[in-house]
């Protein structure tokens with residue numbers, strides 16, 4: 033009897049403690065966080081919210097992120113009137129239609145042939161001069177035409193499909209143009225043999241030089257994007273939506289496969305929008321993965337989230353279902369972890385598929401209103 037009573041008491045203690053911790057967790061999620069300057073929505077104009085008898089800031093939202101192709105003067109004016117900042121998403125190396133008239137811009141694989149689009153995600157060879165000019169011209173046009181507060185690079189990495197639990201990242205690009213440029217810029221002499229043979233050398237004895245050169249190519253795009261902003265709309269922020277992995281995840285794939293050199297790009301960037309989609313990336317029951325990855329990024333780049341820092345971290349976190357679903361009960365947890373220092377802003381992914389899930393939208397609004405200073 034005494035043992036049974038003791039077990040009952042212990043069970044009650046465990047239940048009480050668990051309940052208290054749960055309540056503490058919820059309270060932590062909804063506290064005011066003055067360091068969070070941006071509470072955003074990604075994926076277009078939230079017209080459903082605009083129909084409510086409240087402004088976006090009253091709903092806790094003060095920033096909208098949308099594709100540059102969806103920008104219009106009317107939409108920008110409407111959002112500005114609402115008191116929201118407007119940020120454009122800009123597709124850098126994923127305009128697949130360009131290949132219809134310029135097949136020579138297709139990435140070449142290790143076999144010397146055109147590399148198929150991994151999981152349907154078609155990249156472009158980063159050294160193709162015509163494609164680069166095409167994107168820079170469009171980048172300049174968007175900045176000149178629209179009074180946006182910033183522009184974010186998207187798909188600024190090699191030919192790959194990494195937004196999944198098991199990434200698909202083929203080795204590219206081994207076209208003649210890339211091979212010539214690599215030799216010229218690194219002063220590396222390669223034999224006159226087919227690309228299928230050269231790829232083995234580049235991924236073998238020349239791998240370190242090859243990996244860094246690829247990263248430098250993508251970083252140079254960022255340098256030019258920065259110069260365009262400085263010339264056309266210098267007050268606008270330059271941001272990037274980027275892979276949320278650490279420098280050691282997937283055997284260093286951030287640099288080795290995707291050609292993303294965050295430290296080098298930081299010279300030109302203002303905001304890093306890490307993409308820790310916890311459910312999509314095989315962490316459906318672990319929203320804390322969001323803050324762990326953000327903390328890693330801050331440590332890696334030396335960003336603490338303090339006032340006056342040049343660089344900022346504004347994660348984009350997953351609320352809408354994509355593959356794995358996100359339960360409404362997770363909304364506050366996701367936004368809690370997404371708004372922990374060194375983050376000073378946050379946005380939710382993505383409005384198009386999120387808005388029909390009104391329970392999650394309501395939970396998002398409550399969290400944003402609570403976070404608001």
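Numbering (our numbering), first residue to last: 33 to 405.
For each residue, glycine too, the CB sits at the ideal point set by N, CA and C.
All values reported here derive from a predicted model rather than from experimental measurement.
Helix, strand or coil at residue i [DSSP, three-state]
i	result
residue 345	strand
residue 110	helix
residue 74	strand
residue 98	strand
residue 350	strand
residue 326	helix
residue 384	helix
residue 287	helix
residue 263	helix
residue 229	helix
residue 129	helix
residue 365	helix
residue 119	strand
residue 124	coil
residue 11	Because the chain in this structure spans residues 33 to 405, residue 11 falls outside the shown range and cannot be described.
residue 304	strand
residue 87	coil
residue 397	helix
residue 250	helix
residue 410	There is no way to answer for residue 410, as the model of the chain reaches only from 33 to 405.
residue 149	coil
residue 142	coil
residue 340	coil
residue 370	helix
residue 137	helix
residue 378	strand
Buried/exposed call for residue i, threshold 16 Cβ in 10 Å
i	result
residue 54	At residue 54 the pLDDT is 38, less than 50, meaning the model places this residue with poor confidence and gives no usable figure here.
residue 289	buried
residue 84	exposed
residue 154	buried
residue 342	exposed
residue 263	exposed
residue 325	buried
residue 114	buried
residue 169	exposed
residue 240	exposed
residue 392	buried
residue 405	exposed
residue 349	buried
residue 86	exposed
residue 246	buried
residue 305	buried
residue 385	exposed
residue 267	exposed
Euclidean distance between Cα positions of residue i and residue j
i	j	result
residue 201	residue 152	12 angstroms
residue 66	residue 117	18 angstroms
residue 230	residue 378	44 angstroms
residue 139	residue 182	30 angstroms
residue 136	residue 127	14 angstroms
residue 396	residue 96	14 angstroms
residue 74	residue 98	6 angstroms
residue 277	residue 333	13 angstroms
residue 271	residue 331	18 angstroms
residue 258	residue 244	21 angstroms
residue 311	residue 358	7 angstroms
residue 208	residue 287	22 angstroms
residue 177	residue 122	14 angstroms
residue 203	residue 141	6 angstroms
residue 340	residue 269	15 angstroms
residue 252	residue 197	29 angstroms
residue 29	residue 64	Given a span of 33 to 405 for the chain in the structure shown, any question on residue 29 remains unanswerable.
residue 194	residue 233	25 angstroms
residue 101	residue 187	15 angstroms
residue 216	residue 295	24 angstroms
residue 303	residue 214	30 angstroms
Under 7 angstroms between C-beta atoms of residue i and residue j
i	j	result
residue 76	residue 383	yes
residue 150	residue 249	no
residue 179	residue 260	no
residue 380	residue 403	no
residue 300	residue 255	yes
residue 175	residue 265	yes
residue 163	residue 156	yes
residue 367	residue 319	no
residue 71	residue 400	yes
residue 228	residue 92	no
residue 323	residue 274	no
residue 387	residue 105	no
residue 189	residue 291	yes
Cutoff 7 angstroms: residue i Cβ touching any chain C Cβ
i	result
residue 244	Looking at the structure shown, chain C is missing, and only one protein chain is on hand.
At 3 residues or longer, what runs of the beta strand (DSSP E) sit wholly inside the segment 163-214?
182-186
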